[in-house]
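Which chain is which? The protein sequence lines are V and G, in order. If you read the first sequence in the UniProt record's numbering, its first letter stands for residue 1, the second for the next number, and so on. If you read the second sequence in the UniProt record's numbering, its first letter stands for residue 1, the second for the next number, and so on. Where is the CB? At the ideal position from N, CA and C, for every residue including glycine. Predicted model, so just to flag it, every value in this text is computed and none were measured. Report on the structure given below.
Number of protein chains: 2
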Amino acid sequence: MQQTRRDFLQKVGVAGGAGVMLHTMGSLGMTSAAHADTPPFNPLKPGSLGRHGRKSVVILGAGVAGLTAAYELLKGGYDVTILEANERPGGRAWTVQGGDRATDTVGQTQRAGFSRGQWMNAGAGRLPQHHITVDYCRELGVELETFVNQNAHGYLWRSGDHRLSGQAIRHREAKADTYGYVAELLAKATDQGALDQYVTTEDKERIISFARSFGSIGPKVPGDPAASFKYTGSGRRGYSVEPGVTAGTPTAPFSLSDVFASGIGNYFSFESGWDQAMQMLHPKGGMQAISEAFVRAIGRQRVKFGALATSLQNTAKGVEVVYQQGHLKRKIEADFAICTVPPQVAAKIPSNLPTEVITALQAPTVTNAGKIGIEYSRRWWELDHKIYGGITNANNELANMWYPSGGFHSKRGVMVGYYNTGSSANTYGALTPKQRLAKALEQGAEIHGEAYKQNVSSAFSVNWATVKHIEGAWVGWRSRTDGNYDRLVAPTKNVYFAGDWLSHTIAWQHGGIVSAREVVEQIHQRVTSR
Amino acid sequence: MQQTRRDFLQKVGVAGGAGVMLHTMGSLGMTSAAHADTPPFNPLKPGSLGRHGRKSVVILGAGVAGLTAAYELLKGGYDVTILEANERPGGRAWTVQGGDRATDTVGQTQRAGFSRGQWMNAGAGRLPQHHITVDYCRELGVELETFVNQNAHGYLWRSGDHRLSGQAIRHREAKADTYGYVAELLAKATDQGALDQYVTTEDKERIISFARSFGSIGPKVPGDPAASFKYTGSGRRGYSVEPGVTAGTPTAPFSLSDVFASGIGNYFSFESGWDQAMQMLHPKGGMQAISEAFVRAIGRQRVKFGALATSLQNTAKGVEVVYQQGHLKRKIEADFAICTVPPQVAAKIPSNLPTEVITALQAPTVTNAGKIGIEYSRRWWELDHKIYGGITNANNELANMWYPSGGFHSKRGVMVGYYNTGSSANTYGALTPKQRLAKALEQGAEIHGEAYKQNVSSAFSVNWATVKHIEGAWVGWRSRTDGNYDRLVAPTKNVYFAGDWLSHTIAWQHGGIVSAREVVEQIHQRVTSR
Chain V
1 MQQTRRDFLQ
11 KVGVAGGAGV
21 MLHTMGSLGM
31 TSAAHADTPP
41 FNPLKPGSLG
51 RHGRKSVVIL
61 GAGVAGLTAA
71 YELLKGGYDV
81 TILEANERPG
91 GRAWTVQGGD
101 RATDTVGQTQ
111 RAGFSRGQWM
121 NAGAGRLPQH
131 HITVDYCREL
141 GVELETFVNQ
151 NAHGYLWRSG
161 DHRLSGQAIR
171 HREAKADTYG
181 YVAELLAKAT
191 DQGALDQYVT
201 TEDKERIISF
211 ARSFGSIGPK
221 VPGDPAASFK
231 YTGSGRRGYS
241 VEPGVTAGTP
251 TAPFSLSDVF
261 ASGIGNYFSF
271 ESGWDQAMQM
281 LHPKGGMQAI
291 SEAFVRAIGR
301 QRVKFGALAT
311 SLQNTAKGVE
321 VVYQQGHLKR
331 KIEADFAICT
341 VPPQVAAKIP
351 SNLPTEVITA
361 LQAPTVTNAG
371 KIGIEYSRRW
381 WELDHKIYGG
391 ITNANNELAN
401 MWYPSGGFHS
411 KRGVMVGYYN
421 TGSSANTYGA
431 LTPKQRLAKA
441 LEQGAEIHGE
451 AYKQNVSSAF
461 SVNWATVKHI
471 EGAWVGWRSR
481 TDGNYDRLVA
491 PTKNVYFAGD
501 WLSHTIAWQH
511 GGIVSAREVV
521 EQIHQRVTSR
Chain G
1 MQQTRRDFLQ
11 KVGVAGGAGV
21 MLHTMGSLGM
31 TSAAHADTPP
41 FNPLKPGSLG
51 RHGRKSVVIL
61 GAGVAGLTAA
71 YELLKGGYDV
81 TILEANERPG
91 GRAWTVQGGD
101 RATDTVGQTQ
111 RAGFSRGQWM
121 NAGAGRLPQH
131 HITVDYCREL
141 GVELETFVNQ
151 NAHGYLWRSG
161 DHRLSGQAIR
171 HREAKADTYG
181 YVAELLAKAT
191 DQGALDQYVT
201 TEDKERIISF
211 ARSFGSIGPK
221 VPGDPAASFK
231 YTGSGRRGYS
241 VEPGVTAGTP
251 TAPFSLSDVF
261 ASGIGNYFSF
271 ESGWDQAMQM
281 LHPKGGMQAI
291 SEAFVRAIGR
301 QRVKFGALAT
311 SLQNTAKGVE
321 VVYQQGHLKR
331 KIEADFAICT
341 VPPQVAAKIP
351 SNLPTEVITA
361 LQAPTVTNAG
371 KIGIEYSRRW
381 WELDHKIYGG
391 ITNANNELAN
401 MWYPSGGFHS
411 KRGVMVGYYN
421 TGSSANTYGA
431 LTPKQRLAKA
441 LEQGAEIHGE
451 AYKQNVSSAF
461 SVNWATVKHI
471 EGAWVGWRSR
481 TDGNYDRLVA
491 PTKNVYFAGD
501 WLSHTIAWQH
511 GGIVSAREVV
521 EQIHQRVTSR
């Protein structure tokens with residue numbers, strides 16, 4: 001049977017390529033379901049418009065959704081024009097480099113002073129290996145490297161009413177202690193028969209064996225349940241005297257009560273996330289490399305930058321978009337429009353869209369997020385803390401701090417000094433860029449020491465709520481079943497909507513891509529079924 | 001107080017540099033103990049020999065221990081000569097590139113057919129960010145990148161008497177299910193009062209709250225302990241239908257009994273290891289880049305390759321080493337010798353070392369390890385499996401399979417088809433290189449499907465037990481307290497020993513370095529105290 005299956009699969013593989021083969025293998029129960037393909041999509045073929053003649057599509061927004069729509073439509077021979085209000089592609093996948101200048105909606109202008117080769121991803125910063133975005137990087141020749149999303153040497157810092165308040169605790173210390181106590185408690189409960197109604201005798205033995213390795217805990221002490229399976233620390237958490245020619249001395253663990261009171265164990269589910277578990281990737285030189293590669297592939301002449309749509313109309317023949325580019329007002333007519341700007345911005349474009357569509361665009365709640373990139377002329381996190389990439393988490397307004405994932409041992413580096421959301425983002429966002437830096441340095445120094453304030457050569461901060469033409473980090477749907485979501489997934493006459501906000505992977509470029517591909521399929525099916 | 005401390009620390013920082021500052025902070029209880037420095041070492045200063053005149057040291061072995069010793073002694077003005085029996089530096093930090101040729105101790109010759117830019121690390125392959133090796137990379141200008149030591153998309157494959165036998169299970173599936181059931185059992189036991197003698201009422205609430213996030217489990221169902229805190233799967237394990245414009249469908253979990261019977265959860269303690277937890281690093285282009293940089297820094301003229309020591313003698317004036325280089329037999333006299341070749345090899349060098357030293361060299365047990373590098377002309381693990389680096393673990397003789405940590409989306413790549421130890425290594429090692437490849441492809445295809453056998457363009461395998469002049473992967477001490485270890489840490493007259501085997505970080509280059517630095521200090525102290 002095995003051999004027959006293989007022969008069959010080999011034939012399928014030859015005829016249909018690996019995707020088909022894996023799909024077939026899945027059907028035969030031969031692979032894990034985690035092989036599941038991303039939502040299926042058949043790229044349009046050249047000449048597929050055939051007798052249906054040339055069709056034109058005007059796209060609002062050169063974020064990844066708009067760029068994907070244009071790129072995929074072009075494959076099928078559509079005429080595409082993208083109108084992008086900002087002077088760069090990428091939308092929220094914005095990479096800030098030295099010399100870049102931005103004015104926000106409240107009139108504050110920043111000019112990035114980053115050194116040559118230094119940059120920050122102001123928005124999208126990481127790619128799970130299984131996202132479609134990665135496939136486009138391959139197709140477009142965008143070079144990828146590891147994004148360090150997990151580092152045992154990063155810190156957890158939690159202030160509060162507990163005894164570990166205000167200590168910079170390495171992830172590895174928190175994990176060793178948390179898993180150690182979890183293992184001790186699980187092994188004790190299992191051994192004492194507390195779980196006998198849920199597990200078999202064989203399960204019990206195996207659970208205890210698992211716990212001993214998982215938590216690095218002691219053995220059973222016959223006749224002494226309290227002394228059994230004790231967690232007393234381990235080398236996993238680190239050493240006060242590191243192993244050398246003589247043996248090392250592991251640091252002492254925190255107490256069980258201190259560990260759970262501080263909440264230092266509550267971070268680790270992040271590392272198991274479908275979208276966050278290592279391996280993670282990012283483009284060399286910054287995330288915007290993807291949208292720039294899209295623009296090159298689409299053709300620079302098809303993308304109008306600094307072009308703000310001031311009117312969007314369904315007409316008898318198709319659509320009409322008026323846009324302002326510099327001092328000029330222009331009109332563009334097309335068969336279809338795809339609006340990929342964020343819904344809260346789209347809702348404000350003068351249009352003849354029906355009220356229920358505008359209401360739907362206004363339905364999702366908008367989340368704010370903030371980031372600051374701080375360039376240092378000394379990579380103190382490597383030199384003094386031995387941290388090579390990864391994340392420090394704080395329960396103050398900094399929330400997340402990212403160390404650079406590459407350029408190890410070079411002279412300079414840009415740290416993300418905070419990546420926060422909601423009220424923390426609003427607090428920082430309300431400050432001037434200069435005040436944001438001062439506050440970030442103050443708060444960061446509580447975790448990293450005074451070195452955090454030294455060797456700062458430049459900084460750039462973003463408050464997404466006040467980024468022009470974007471006005472928010474991402475949106476959330478209060479309900480996906482009240483009709484609003486479905487109303488926007490379907491076209492309004494010849495106007496379509498696309499974006500991560502019309503997907504179930506919001507705040508990921510993947511979401512913008514799957515949404516755009518869905519619209520491409522909708523349009524092409526409509527055109528070719530006539 | 002806080003301000004005073006900071007002022008004080010700033011002064012210390014200015015005067016003594018970051019290392020001193022962190023040390024001081026540790027003393028003040030201001031940093032975590034995980035800041036601990038690697039074993040302290042003060043590099044020799046130029047001219048530090050002073051009135052003691054020129055001193056010469058002959059070093060056996062150009063592995064990282066021998067190279068470190070030479071490099072550090074040179075800083076103090078010592079004359080150094082390294083004798084290396086092989087034609088390359090690095091010892092077990094051996095990077096095989098296209099064109100490289102090696103004949104093993106049983107007379108089998110392999111020539112690596114890897115394409116340009118492709119390579120395999122036959123031995124040492126990864127660096128924890130906190131190892132001294134990383135400091136030497138910085139000092140020597142060896143460029144580092146991330147070594148992907150953990151990848152949720154890698155597979156676990158376990159044959160045996162259980163229902164998950166022979167399935168390729170993603171790490172993320174195994175982890176989600178294991179942590180899910182651990183969390184369910186822990187929450188149930190805690191909530192039902194089974195752990196009341198060990199935890200407080202407040203602890204209980206916090207443990208349950210932790211478990212809910214850690215395992216992605218359901219809530220308490222009042223009055224129904226069995227239905228409470230149920231693990232029923234989660235998106236963490238992956239999707240049969242991935243989220244797109246419509247919602248995704250997570251795959252169904254394995255049963256609790258299947259998870260623990262299969263042992264698929266037993267791997268994860270690896271990821272918490274002091275030496276294995278991410279972030280991990282490796283030099284671009286292969287590990288041997290480190291030893292090559294050492295050789296450049298030391299001076300090529302001081303390192304004699306193909307130079308096999310045939311006699312090692314303590315003499316009245318110092319030491320005398322006879323070595324064979326090609327057809328020539330040469331003699332070198334020096335004040336001191338440092339023998340860094342593996343103990344089981346050192347024991348066989350004709351010498352006038354006392355019997356108890358030879359006995360000590362023979363004391364440790366030698367472990368074998370094997371690796372095969374398989375070059376593919378298609379990166380099927382990325383294209384078909386969406387795996388970007390990381391490790392697949394199997395409980396067959398393959399043990400560990402490594403996907404390349406870099407070069408993502410390029411045309412070719414070298415997979416480590418097996419990295420095994422002990423009896424599995426011996427089984428593979430007993431085969432010819434051709435047979436090893438055939439067997440590795442057969443076993444690898446059970447996990448990865450038939451694509452594993454296709455697009456193979458070359459391979460190179462190493463069996464460390466039969467690598468000339470090395471004859472083993474690493475050693476272990478049955479006892480560190482029976483006198484043998486200490487006997488070798490101390491000099492025998494003017495002969496010193498160094499290597500990872502004389503450290504508490506065996507099988508890591510870090511161990512070789514700390515051992516070598518210890519010997520450098522011993523020699524310099526002896527010379528300057530006269």
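- Other residues of its chain near residue 534 of chain G: CB distance less than 8 Å, five sequence neighbours each side excluded: Any answer about residue 534 of chain G is impossible in this case: the structure gives chain G only from 1 up to 530.
- Do you know whose CA, among V:Asn455, V:Glu397, V:Gly511, V:Asn151, lies nearest Arg436 of chain V's CA? By 1-based counting over the first sequence, the position of residue 436 of chain V is 436. Checking every option, the nearest Cα to that of Arg436 of chain V belongs to V:Glu397.
- Task: For Asn151 of chain V, go through chain G and note every residue whose CB falls closer than 9 Å to its CB, in chain order.
- Result: Here residue 151 of chain V refers to the residue found at position 151 of the first sequence. Within 9 Å Cβ-Cβ: Gln129, Ala277, Met278, Gln279.
- Message: Is there a C-beta anywhere in chain V that falls below 8 Å from the one on Gly512 of chain G?
- Response: Indexing the second sequence from 1 puts residue 512 of chain G at position 512. It does not; no Cβ of chain V falls within 8 Å.
- For Tyr78 of chain G and Phe294 of chain G, the rounded distance between their alpha carbons: Within the second sequence, the letter at position 294 stands for residue 294 of chain G. Within the second sequence, the letter at position 78 stands for residue 78 of chain G. One Cα belongs to Phe294 of chain G, the other to Tyr78 of chain G, and the distance between them is close to 16 Å.
- Task: List the endpoints of the continuous beta strand (DSSP E) containing His282 of chain G.
- Result: Here residue 282 of chain G refers to the residue found at position 282 of the second sequence. Note, His282 of chain G: beta strand (DSSP E), 280-283.
- Using the beta-carbon of each residue, which ones in chain G are nearer than 8 Å to Thr200 of chain V? In the first sequence, residue 200 of chain V corresponds to position 200, counting from 1. At a beta-carbon threshold of 8 Å, the residues of chain G lying near Thr200 of chain V are Ser257, ordered along the chain.
- Are the C-beta of residue 536 of chain G and some C-beta of chain V separated by less than 8 Å? Residue 536 of chain G falls outside the range modelled here, since chain G spans only 1 to 530, and no answer is possible.
- Compute every distance between the C-beta of Gly248 of chain V and the non-hydrogen atoms of the ligand MG, then say whether any falls below 7 Å. Summarising the ligand content, the structure contains no ligands, and the ligand MG is consequently not present.
- Message: Quick check on this structure: which residue in V:Pro364, V:Ile217, V:Arg237 has the alpha carbon closest to the alpha carbon of Thr249 of chain V?
- Response: Within the first sequence, numbered from 1, the residue matching residue 249 of chain V stands at position 249. Of the candidates V:Pro364, V:Ile217, V:Arg237, the one whose C-alpha sits nearest the C-alpha of Thr249 of chain V is V:Arg237.
- chain V within 8 Å of residue 533 of chain G, Cβ atoms only: No answer is possible for residue 533 of chain G: the residues shown for chain G start at 1 and end at 530.
- Query: Quick one, which of V:Trp508, V:Val519, V:Gly511 has its alpha-carbon nearest Val495 of chain V's?
  - Reply: Position 495 of the first sequence holds residue 495 of chain V. With distances taken between Cα atoms, Val495 of chain V lies closest to V:Val519.
- Message: Distance cutoff 8 Å, beta carbons only. Does Asp203 of chain G sit that close to anything in chain V?
- Response: Residue 203 of chain G sits at position 203 when you count from the first residue of the second sequence. Interface residue, yes.
- Message: Distance check for Asp135 of chain V and Gln197 of chain V, CA to CA, integer angstroms please.
- Response: For the purposes of this step, residue 197 of chain V is identified with residue 197 of the first sequence, where counting begins at 1. For the purposes of this step, residue 135 of chain V is identified with residue 135 of the first sequence, where counting begins at 1. Cα to Cα, Gln197 of chain V sits roughly 48 Å from Asp135 of chain V.
- Range of the contiguous alpha helix (DSSP H) that encloses Ile207 of chain V: Residue mapping note: residue 207 of chain V aligns to position 207 of the first sequence, counting from 1. Note, Ile207 of chain V: alpha helix (DSSP H), 201-215.
- Sub-8 Å separation of Thr367 of chain V and Val475 of chain V beta-carbons: Residue mapping note: residue 367 of chain V aligns to position 367 of the first sequence, counting from 1. Residue mapping note: residue 475 of chain V aligns to position 475 of the first sequence, counting from 1. With respect to Val475 of chain V, Thr367 of chain V sits close: the two C-beta atoms are nearer than 8 Å.
- Query: Which partner residues of Ser159 of chain G appear in the DSSP bridge assignment?
  - Reply: Within the second sequence, the letter at position 159 stands for residue 159 of chain G. Note: Ser159 of chain G sits in no beta bridge, so no partner.
- Query: Can you name the start and end residues of the beta strand (DSSP E) that Leu328 of chain V belongs to?
  - Reply: Position 328 of the first sequence, counted from the start, is the residue given in the question as residue 328 of chain V. Element bounds for Leu328 of chain V: 328-334.
- Any idea if Arg530 of chain G is buried or exposed, counting beta-carbon neighbours within 10 angstroms, 16 or more meaning buried? Against the second sequence, residue 530 of chain G aligns to sequence position 530. Answer is exposed; the Cβ neighbour count stays below 16.
- Closer than 7 Å by beta-carbon distance: list the chain G residues that pair up with Gly390 of chain V, in chain order. Taking the first sequence and counting its residues from 1, the one referred to as residue 390 of chain V is at position 390. Against chain G, the beta carbon of Gly390 of chain V has neighbours under 7 Å at Gln279, listed in chain order.
- Message: Is it buried or exposed, Met25 of chain V, if we count other Cβ atoms within 10 angstroms and call 16 or more buried?
- Response: One-based indexing of the first sequence puts residue 25 of chain V at position 25. Any reading at Met25 of chain V needs caution, since the residue's pLDDT is 38, under 50, leaving its predicted position unreliable; the model's value is listed next. In this structure Met25 of chain V is buried. Its beta-carbon is surrounded by 16 or more other beta-carbon atoms within 10 angstroms.
- Mind listing the chain V neighbours of Leu186 of chain G? Cutoff is C-beta to C-beta under 7 Å, in chain order. Within the second sequence, residue 186 of chain G is the residue found at index 186, counting from 1. Under the 7 Å cutoff, chain V gives Val182, Leu185, Leu186.
- Query: When DSSP builds the beta bridges, which residues end up paired with Pro491 of chain G?
  - Reply: Working through the second sequence from its first residue, we reach residue 491 of chain G at position 491. In the DSSP output, where bridge partners are listed per residue, Pro491 of chain G has none listed.
- Query: Looking only at C-alpha atoms, which of V:Val96, V:Gln276, V:Arg300 sits nearest to His131 of chain V?
  - Reply: In the first sequence, counting from the first residue as 1, residue 131 of chain V sits at position 131. Of the candidates V:Val96, V:Gln276, V:Arg300, the one whose C-alpha sits nearest the C-alpha of His131 of chain V is V:Gln276.
- Task: Indicate whether at least one CB of chain G lies closer than 8 Å to the CB of Thr31 of chain V.
- Result: The sequence position of residue 31 of chain V within the first sequence is 31, counting from 1. Note that Thr31 of chain V has pLDDT 40, beneath the 50 cutoff, so the model's placement of it is unreliable and the number below is only indicative. For Thr31 of chain V, the closest Cβ of chain G is nearer than 8 Å.
- Contact check, Leu361 of chain V vs Leu186 of chain V, beta carbons under 8 Å: Residue numbering aside, residue 361 of chain V sits at position 361 when the first sequence is read from its first letter. Residue numbering aside, residue 186 of chain V sits at position 186 when the first sequence is read from its first letter. Leu361 of chain V is not a Cβ neighbour of Leu186 of chain V, given a cutoff of 8 Å.
- Pick out whichever of V:Glu87, V:Lys55, V:Ser48 has its Cα sitting closest to the Cα of Gly76 of chain V. Sequence index remark: in the first sequence, residue 76 of chain V carries index 76 (1-based). Among V:Glu87, V:Lys55, V:Ser48, the Cα nearest to that of Gly76 of chain V belongs to V:Ser48.
- Pull up the distance between the alpha-carbon of Phe8 of chain G and that of Tyr239 of chain V, whole angstroms please. Position 8 of the second sequence, counted from the first residue, corresponds to residue 8 of chain G. Position 239 of the first sequence, counted from the first residue, corresponds to residue 239 of chain V. Note that Phe8 of chain G scores 35 on pLDDT, short of 50, meaning its location in the model is unreliable and no value can be drawn from it.
- Item | Boundaries (first-last residue) of the alpha helix (DSSP H) holding Glu72 of chain V | For the purposes of this step, residue 72 of chain V is taken as residue 72 along the first sequence, with counting starting at 1. For Glu72 of chain V, the enclosing alpha helix (DSSP H) begins and ends at 64-75.
- Message: With H, G and I counted as helix, E and B as strand and the rest as coil, what does DSSP make of Phe8 of chain V?
- Response: Along the first sequence, one-based indexing puts residue 8 of chain V at 8. Residue placement at Phe8 of chain V is poorly supported in this model, since its pLDDT is 35, which falls under 50; the coordinates still yield a value, given next. DSSP places Phe8 of chain V in helix when its eight states are reduced to three.
- Taking a cut of 9 Å between CB atoms, which residues from the segment 220-254 of chain V lie near chain G? Within the segment 220-254 of chain V, the qualifying residues are Pro225, Ala226, Ser234, Gly235, Arg236, Arg237, Gly238, Tyr239, Ser240, Val241, Glu242, Pro243, Gly244, Val245, Thr246, Ala247, Gly248, Thr249, Pro250, Thr251, Ala252.
- Closer than 9 Å, Cβ to Cβ, to anything on chain V: give me those residues from the segment 158-184 of chain G, in chain order. Residues of the segment 158-184 of chain G whose Cβ lies closer than 9 Å to any Cβ of chain V, in chain order: Gln167, Ala168, Ile169, Arg170, His171, Arg172, Glu173, Lys175, Ala176, Thr178, Tyr179, Tyr181, Val182, Ala183, Glu184.
- Task: Using a Cβ-Cβ cut-off of 8 Å, state whether Trp381 of chain V counts as contacting chain G.
- Result: Against the first sequence, residue 381 of chain V aligns to sequence position 381. Among the residues facing chain G, Trp381 of chain V is not included, as its CB has no counterpart in that chain under 8 Å away.
- Under 8 Å between C-beta atoms, does Gly117 of chain V make it to chain G? Here the question's residue 117 of chain V lines up with position 117 in the first sequence. No, because no Cβ of chain G sits closer than 8 Å to the Cβ of Gly117 of chain V.
- Message: So, at 6 Å on beta carbons, what are the nonlocal neighbours of Lys284 of chain G in its own chain, with the 5 sequence-adjacent residues on each side left out?
- Response: Residue numbering aside, residue 284 of chain G sits at position 284 when the second sequence is read from its first letter. Excluding sequence neighbours, Lys284 of chain G sits near Glu143, Glu145.
- Message: On a Cα-Cα basis, can you pick out the residue from V:Cys137, V:Ile523, V:Ile332, V:Leu312 that is closest to Val341 of chain V?
- Response: Counted from its first residue, the first sequence places residue 341 of chain V at position 341. Here the closest residue by C-alpha is V:Leu312.
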